[in-house]
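Take 489 as the starting number for the sequence shown in our numbering and just add one per residue.
Each residue gets a CB set at the ideal place from its N, CA and C atoms; glycine is no exception.
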Amino acid sequence: MRLAVYPGSFDPVTNGHIDILEKTSKIFDKIIVAVVHNVSKKALFTLDERVELIRESTKHLNNIEVECFSGLLANYLRDREACAIIRGLRTVADFEYEMHMAMINKRLIPDVDTIFIMSDSSNIFVSSSIIKEAALLGGDVSELVPEIVKLKLEAKRQETI
Ligand code: PNS
């Protein structure tokens, strides 16, 4: 079975992430979305909230699982017997960081390759951080995130008022 892992912070999941999953779910037999517990990044949503939002937003895809992980991605890939890492690429600004990540992961687990997928041009500027900022300041992000994420962002905004 061709199993790929799509790792990330997903704080929160955006239409850009969903776009990547819709494209790659046709290529792989199964995809595990691996939500990372990153101690160095302050998250808006808890791990459980992020997992739930991804599950709700990917109900239309039948080969997606969502899990949390912490520690080294290479170890997680080995445990899950994954054959590929999925990462989205938006602009050239993403490239250098992504290249370094792909190279260290290749060194740590040579059997696994990183597959880069370009998101649609409509999602090229969509990032979790820009969406959080816009939404918490009252901006309309309804075309950039799944409906459930929009509602949760609105609830977070109410908590901060
Ligand atoms: O969505 P993000 O925050 O850009 O995702 C980055 C992520 C989670 C893929 C990356 O930080 C990661 O893989 N973290 C796990 C630790 C690890 O294995 N790092 C790379 C080798 S040092």
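Checklist entry - Any idea which residues DSSP pairs A572 with across the strands? => result Answer is A492 and D601, bridged to A572.
Next on the checklist: By the three-class DSSP mapping on this structure, what secondary structure does K514 have?
Outcome noted: In the structure shown, K514 adopts coil according to DSSP, grouped into three states.
Checklist entry - Nearest-angstrom Cα distance between E537 and R543? => result Here the alpha carbon of E537 sits roughly 10 Å from the alpha carbon of R543.
Checklist entry - Counting only runs that start and end within the stretch 531-597, where is the alpha helix (DSSP H) found for 4 or more residues in a row? => result Fully enclosed alpha helix (DSSP H) runs of no fewer than 4 residues occupy 535-545, 561-568 and 583-596 of the stretch 531-597, in order along the chain.
Checklist entry - With 16 other CB atoms within 10 Å as the buried threshold, where does S609 fall? => result By the 10 Å Cβ count, S609 comes out exposed.
Checklist entry - The alpha helix (DSSP H) spanning K638 covers which residue range? => result Note, K638: alpha helix (DSSP H), E635 to T648.
Next on the checklist: Here's the rule: buried if 16 or more other CB atoms are within 10 angstroms of the residue's CB, otherwise exposed. What is F613?
Outcome noted: F613 should be labelled exposed.
Item to check | Three-state class that DSSP yields for I520 in the structure shown | outcome: I520: strand per DSSP, three-state reduction.
Checklist entry - At which residues does the alpha helix (DSSP H) containing E621 begin and terminate? => result Start and end: S616 to L624.
Checklist entry - Heavy atom of ligand 1 less than 6 Å from the Cβ of V524, yes or no? => result V524: yes, Cβ under 6 Å from ligand 1.
Checklist entry - When you compare only the Cα positions, how much space is there between S630 and L541? => result Note on geometry: alpha-carbon atoms of S630 and L541 lie some 15 Å from one another.
Checklist entry - Could you give the distance in angstroms between the alpha-carbon of P495 and the alpha-carbon of I515? => result One alpha carbon belongs to P495, the other to I515, and they sit about 17 Å apart.
Next on the checklist: Using a Cβ distance threshold of 8 Å, determine whether the stretch 570-580 contacts the stretch 491-506, with at least three qualifying pairs required.
Outcome noted: With a cut-off of 8 Å, the stretch 491-506 and the stretch 570-580 count as touching, because enough Cβ pairs lie within range.
Checklist entry - Using the C-alpha atoms, what's the distance from L632 back to S616? => result Approximately 10 Å between the Cα atoms of the pair.
Item to check | Cβ distance (whole Å) where S607 is taken to contact R575 below 8 Å | outcome: Contact between S607 and R575 fails: their C-beta atoms lie close to 11 Å from each other, not under 8 Å.
Checklist entry - Do I508 and I605 have their CB atoms nearer than 7 Å? => result Cβ atoms of I508 and I605: closer than 7 Å.
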